[in-house]
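Chains as they are written, first to last, in the UniProt record's numbering: chain A, 1 to 219; chain B, 1 to 219.
Protein chains: 2
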Amino acid sequence: MSALDGLAVRRTTTAQQLADGLAERIMAGAFGPGDRLRESAIAAELGVARNTIREAVRILELTGLVRYEVNRGAVVIAPTPEIVEALYTARERLETAAAARTPRPEQLDAITEAFENLCAAADTGDLGTIVDRDLAFHQAIVAVLDSTRLDEFYAAMTKELRFYLTVLSKSETPEEVVAQHRLILDAIRAGDRDRAVAEIRAHIDTSVEQLKQLLDARR
Amino acid sequence: MSALDGLAVRRTTTAQQLADGLAERIMAGAFGPGDRLRESAIAAELGVARNTIREAVRILELTGLVRYEVNRGAVVIAPTPEIVEALYTARERLETAAAARTPRPEQLDAITEAFENLCAAADTGDLGTIVDRDLAFHQAIVAVLDSTRLDEFYAAMTKELRFYLTVLSKSETPEEVVAQHRLILDAIRAGDRDRAVAEIRAHIDTSVEQLKQLLDARR
DNA sequence: ATGACTCGAACTGTAGTACAGTTCAACTGT
DNA sequence: ACAGTTGAACTGTACTACAGTTCGAGTCAT
Chain A
1 MSALDGLAVR
11 RTTTAQQLAD
21 GLAERIMAGA
31 FGPGDRLRES
41 AIAAELGVAR
51 NTIREAVRIL
61 ELTGLVRYEV
71 NRGAVVIAPT
81 PEIVEALYTA
91 RERLETAAAA
101 RTPRPEQLDA
111 ITEAFENLCA
121 AADTGDLGTI
131 VDRDLAFHQA
141 IVAVLDSTRL
151 DEFYAAMTKE
161 LRFYLTVLSK
171 SETPEEVVAQ
181 HRLILDAIRA
191 GDRDRAVAEI
201 RAHIDTSVEQ
211 LKQLLDARR
Chain B
1 MSALDGLAVR
11 RTTTAQQLAD
21 GLAERIMAGA
31 FGPGDRLRES
41 AIAAELGVAR
51 NTIREAVRIL
61 ELTGLVRYEV
71 NRGAVVIAPT
81 PEIVEALYTA
91 RERLETAAAA
101 RTPRPEQLDA
111 ITEAFENLCA
121 AADTGDLGTI
131 VDRDLAFHQA
141 IVAVLDSTRL
151 DEFYAAMTKE
161 LRFYLTVLSK
171 SETPEEVVAQ
181 HRLILDAIRA
191 GDRDRAVAEI
201 RAHIDTSVEQ
211 LKQLLDARR
């Protein structure tokens, strides 16, 4: 910690700030999946020029929360069974690959800590926090792969998934969540990589199944 | 194949076309790593408005060929030892994870075909094509993971790597390339997953080592 | 010469206006 | 009920303008 810590000039552009703000709003549910982001309306409301909004939305596109359709502009992503399945397949591949490795001590600690955080959240019962901690636990597992690029890729998927979970208001009892993750953690801590892989696979299978049911129910 | 195949109206925007064109130019070496993409100059040269160029460049950012720096605009990515290493680490994780699986027959065929294409290119001696076929071979391996999202992620990394290889004009003898890949293919075809993983690891190790030397030599 | 400093040209970031082409829902006529 | 028409809203693109930033060239002191 230096004496100049936290001192930083405004090293960001208006468009970047708008992108951050919009991402927040979308995650908070201000825009639902499939909604269009109307440029003039947003520009007027926020008091910025339309081209600045356009840039902000292009930046948003980087994070994957919206995609562009020709002549329809930016549209908030919407979960379909195919998309959810593809997302979970990629998660499964990365997490099992990670579980097949031997974590370094500090990685094991990080995973354990993530689990404890999850337990604490489960005690409070705050669903949003539980989901966040849940996802953070899995991110800690992927970190065992020791690849920043894969960490980033996984984080981007997590952001997308977080949004889907919010809009689908997926809910399971905190006890279930903790129980499932404890199985994974135990297997990892025991150094039983085959079991860890199997537990992760099972966990992801049940999750994707639940989500698909929720998706069907919506239609 | 329907009777309407290939019939499609211009389902794209000017900005998208510009992004594609710029990507091509960059890959062809019109802009070197670290070069800035000056908006006014490009806009004037191509006869489009500056904001359209800005959009095109934002789209380009999606593919990872350029990144933005505040008040300096778009800058073509430049390989550093850290970046190259991170890239190859991610490749290693994905490819070994794929090699640890049992490929389906058609996947095995695809890999074999990719190898044959590589051999054919090696015979002609065209370095650019060899690199392309080399990368396609590895993409075919990753396809064994059966995850479209990971396929896409890997493809994006490949594009980035292709650019680095071009600007660094990496060269090894075609015989070497074919020999190394034959080892990998043989291990996969033999169903010896441990050996396949080991061969891939070795192949990537030597590649990254060569690249690092090239990078040092540049400085 | 060397290094610190100043200045200005070039460029980015943002605002604002304009308009042709597209989308989509409401309206119309059958 | 249904095909066709119309118009409002919106996107894609162009153009202009200007404040703030960057960076190299020139200047000055050492």
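For glycine and all other residues, C-beta sits at the position ideal for the given N, C-alpha and C.
What does a CB cutoff of less than 6 Å around B/L185 pick up in its chain, not counting 5 residues either side in sequence? By one-based count along the second sequence, residue 185 of chain B stands at place 185. For B/L185, where only same-chain residues beyond five positions count, the Cβ hits under 6 Å are F115.
Kindly say whether B/F163, judged by its beta-carbon, lies nearer than 7 Å to any beta-carbon of chain A. As a position in the second sequence, residue 163 of chain B is number 163, starting the count at 1. So, not an interface residue.
Report the residue from A/F163, A/V144, A/R11, A/Q16 whose alpha carbon sits nearest the alpha carbon of A/G64. Position 64 of the first sequence holds residue 64 of chain A. For A/G64, the nearest C-alpha among the options comes from A/F163.
Going by the beta-carbon positions, is the gap between A/V142 and A/L94 smaller than 7 Å? On the first sequence, residue 142 of chain A is found 142 positions in, with the first residue counted as 1. On the first sequence, residue 94 of chain A is found 94 positions in, with the first residue counted as 1. Yes, these two residues count as a Cβ contact at 7 Å.
Using 10 angstroms around the beta-carbon of A/A30, count the other beta-carbons present and answer buried if the total reaches 16, otherwise exposed. As a first step, residue 30 of chain A must be located in the first sequence, where it is residue number 30. It counts as exposed.
Is there a Cβ from chain B that is less than 7 Å from the Cβ of A/S171? One-based indexing of the first sequence puts residue 171 of chain A at position 171. So no, A/S171 is outside the interface.
Helix, strand or coil at B/E172 [DSSP, three-state]: Within the second sequence, the letter at position 172 stands for residue 172 of chain B. Residue state, collapsed to three classes: coil.
What are the boundary residues of the beta strand (DSSP E) that includes A/A28? What you label residue 28 of chain A is simply residue 28 of the first sequence in a count that begins at 1. Careful: A/A28 lies outside any beta strand (DSSP E) and carries neither H nor E.
Taking only runs of the beta strand (DSSP E) that begin and end inside the UniProt domain "HTH gntR-type" (12-79) of chain A, which ones reach a length of at least 3 residues, in chain order? 66-69, 73-76
Neighbouring residues, chain B, relative to A/D146 (Cβ below 9 Å): What you label residue 146 of chain A is simply residue 146 of the first sequence in a count that begins at 1. Chain B residues near A/D146: T89, R93.
Going by beta carbon distance, what residues of the same chain come within less than 7 Å of B/Y68, once the five residues before and after it are set aside? Indexing the second sequence from 1 puts residue 68 of chain B at position 68. For B/Y68, where only same-chain residues beyond five positions count, the Cβ hits under 7 Å are E61, A74.
Compare the beta carbon distance of B/I204 and B/A99 with 7 Å and say whether it is the shorter of the two. The residue you call residue 204 of chain B lines up with position 204 of the second sequence. The residue you call residue 99 of chain B lines up with position 99 of the second sequence. Cβ distance not < 7 Å, so B/I204 and B/A99 don't count as in contact.
At the level of alpha carbons, what is the spacing between B/R195 and B/I188? Working through the second sequence from its first residue, we reach residue 195 of chain B at position 195. Working through the second sequence from its first residue, we reach residue 188 of chain B at position 188. When rounded, the distance between both Cα atoms is 8 Å.
Selection from A/E55, A/V197, A/A190, A/P33 that minimises the alpha carbon distance to A/H138: Position 138 of the first sequence, counting from 1, holds the residue named residue 138 of chain A. The shortest Cα separation from A/H138 among A/E55, A/V197, A/A190, A/P33 belongs to A/V197.
What separation, rounded to the nearest whole angstrom, lies between the Cα atoms of residue 222 of chain B and B/P33? This structure cannot speak to residue 222 of chain B, because chain B is shown only from 1 to 219.
Using 7 Å as the limit for Cβ to Cβ distance, is B/R149 near chain A? Counting from 1 along the second sequence, the entry for residue 149 of chain B is found at position 149. Yes, contact with chain A.
Leaving out the 5 sequence neighbours to the left and right, which residues in its chain are closer than 7 Å to A/I42 when beta-carbon positions are compared? If you number the first sequence from 1, residue 42 of chain A lands on position 42. Hits under 7 Å: I53.
Counting only beta-carbon separations shorter than 7 Å, does A/R36 have a partner in chain B? Locating residue 36 of chain A in the first sequence gives position 36, where the first residue counts as 1. No, because no Cβ of chain B sits closer than 7 Å to the Cβ of A/R36.
To test your reading of the DSSP string, which unbroken alpha helix (DSSP H) runs of 4 or more residues are found completely within the region 72-139 of chain A? 81-99, 105-124
Is the Cβ of B/F153 closer than 7 Å to any Cβ of chain A? By 1-based counting over the second sequence, the position of residue 153 of chain B is 153. With 7 Å as the cut-off, B/F153 counts as an interface residue toward chain A.
Span of the alpha helix (DSSP H), counted from its first residue to its last, around A/V197: For the purposes of this step, residue 197 of chain A is taken as residue 197 along the first sequence, with counting starting at 1. First-last of the alpha helix (DSSP H) with A/V197: 193-218.
Give the C-beta separation of A/T158 and A/L135 to the nearest angstrom, bearing in mind that I take them to be a contact with Cβ-Cβ under 8 Å. Counting from 1 along the first sequence, the entry for residue 158 of chain A is found at position 158. Counting from 1 along the first sequence, the entry for residue 135 of chain A is found at position 135. Right, the Cβ-Cβ distance comes to about 5 Å (below 8 Å), so this counts as a contact.
If you draw a straight line from the alpha carbon of A/P81 to that of A/A202, how long is it in whole angstroms? Here residue 81 of chain A refers to the residue found at position 81 of the first sequence. Here residue 202 of chain A refers to the residue found at position 202 of the first sequence. When rounded, the distance between both Cα atoms is 19 Å.
B/S2 CB to nearest chain A CB: under 7 Å? The residue given as residue 2 of chain B occupies position 2 in the second sequence. Residue placement at B/S2 cannot be trusted, given a pLDDT of 45 that sits under 50; what the coordinates show is reported in the next sentence. Not an interface residue.
Going by C-alpha to C-alpha distance, which of A/V144, A/A122, A/P79 sits closest to A/A110? Looking up residue 110 of chain A in the first sequence gives position 110. Among A/V144, A/A122, A/P79, the Cα nearest to that of A/A110 is on A/V144.
With 16 as the cutoff for other CB atoms within 10 Å, does A/T56 come out buried or exposed? Within the first sequence, the letter at position 56 stands for residue 56 of chain A. A quick correction: the sequence has Ala, not Thr, at residue 56 of chain A. With 16 or more Cβ atoms within 10 Å of its Cβ, A/A56 is classed as buried.
If we cut at 7 Å on Cβ distances, does B/V70 have a partner in chain A? Here residue 70 of chain B refers to the residue found at position 70 of the second sequence. Output row for B/V70: interface = yes.
Going by the CB atoms, is the gap between A/I26 and A/V84 shorter than 7 Å? Here residue 84 of chain A refers to the residue found at position 84 when the first sequence is read from its first residue. Here residue 26 of chain A refers to the residue found at position 26 when the first sequence is read from its first residue. Contact: no.
Please report the distance separating the alpha-carbon of B/E160 from that of B/D123. Locating residue 160 of chain B in the second sequence gives position 160, counting from the first residue. Locating residue 123 of chain B in the second sequence gives position 123, counting from the first residue. Cα-Cα distance, rounded: 26 Å.
Assign A/Q213 to buried or exposed, taking buried as 16 or more other Cβ atoms, counted over all protein chains shown, within 10 Å of its Cβ. For the purposes of this step, residue 213 of chain A is identified with residue 213 of the first sequence, where counting begins at 1. A/Q213 should be labelled exposed.
Buried or exposed by the 16-neighbour rule on C-beta atoms within 10 Å, applied to B/V70: Position 70 of the second sequence, counted from the start, is the residue given in the question as residue 70 of chain B. By the 10 Å Cβ count, B/V70 comes out exposed.
Counting only the same chain and skipping the five closest in sequence on each side, list residues whose C-beta sits under 7 Å from that of B/L127. For the purposes of this step, residue 127 of chain B is taken as residue 127 along the second sequence, with counting starting at 1. Closer than 7 Å at Cβ, skipping near neighbours: S171.
On the criterion of 16 or more Cβ atoms from any shown chain inside 10 Å, does B/S169 qualify as buried, or is it exposed? Sequence index remark: in the second sequence, residue 169 of chain B carries index 169 (1-based). Counting Cβ neighbours within 10 Å, B/S169 comes out exposed, since fewer than 16 surround it.
Are B/Y88 and B/V177 touching if we call contact CB-CB under 7 Å? To locate residue 88 of chain B, count along the second sequence from 1; it is residue 88. To locate residue 177 of chain B, count along the second sequence from 1; it is residue 177. Result no, Cβ atoms of B/Y88 and B/V177 do not sit closer than 7 Å.
Just checking my contact of A/R129 with A/A140 at CB under 8 Å: how many whole Å lie between their CB atoms? Locating residue 129 of chain A in the first sequence gives position 129, where the first residue counts as 1. Locating residue 140 of chain A in the first sequence gives position 140, where the first residue counts as 1. The amino acid at residue 129 of chain A is misidentified as Arg; the sequence shows Thr. In fact, because the Cβ distance is near 16 Å, the residues do not count as touching under 8 Å.
Among A/L46, A/R11, A/T12, nearest to A/D22 - alpha-carbon criterion: Counting from one through the first sequence, the residue named residue 22 of chain A turns up at place 22. At residue 22 of chain A the sequence reads Leu, which differs from the Asp that was named. Ranking A/L46, A/R11, A/T12 by Cα distance to A/L22 puts A/L46 first.
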